[in-house]
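A short write-up of the structure that comes next.
In my numbering, the protein residues as written are -7 to 113.
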């Protein structure tokens, strides 16, 4: 391999040029002592569709996944999981209110029938 800084030939596995001390392309992804460095995270990485469905079915999972992905730097995926979890919670609350209110109205139906039947006589 050729050093991009000084142009001297160096070992293909070198992380730093032995001639000028410049970091090579391999060295950008290696830490001191050969320990790998975390690769850069794309904050716009899309969310996994399966996890979105899971977040809709089990909102707590979506909130946990959203927090984990956001803390790992994947803001877009974390936001998608949290939004799907909140949407699921809102859906179930509205559905339960509709069922409760609907059953209440159905329980009043006989009284309305008697009221309208008595006014027609």
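We treat Cβ as the ideally placed atom computed from N, Cα and C, and that holds for glycine.
Query, Result
"What did DSSP end up calling residue 17 once you bin it into helix, strand or coil?", "coil"
"Okay, do the segment 34 to 53 and the segment 1 to 14 touch, 3+ Cβ pairs below 8 angstroms being the bar?", "no"
"So residue 73 packs on residue 99, CB below 8 angstroms; how close in whole Å?", "Going by Cβ atoms, the distance from residue 73 to residue 99 rounds to 39 angstroms, so no, they are not a contact pair."
"Could you check if residue 105 is buried or exposed, using at least 16 other CB atoms within 10 Å of its CB as the buried criterion?", "exposed"
"Got a sec: is the Cβ-Cβ distance from residue 52 to anything in chain B below 9 angstroms?", "Chain labels in this structure do not include chain B; a single protein chain is all it has."
"Could you compute how far the alpha carbon of residue 8 sits from the alpha carbon of residue 65?", "28 angstroms"
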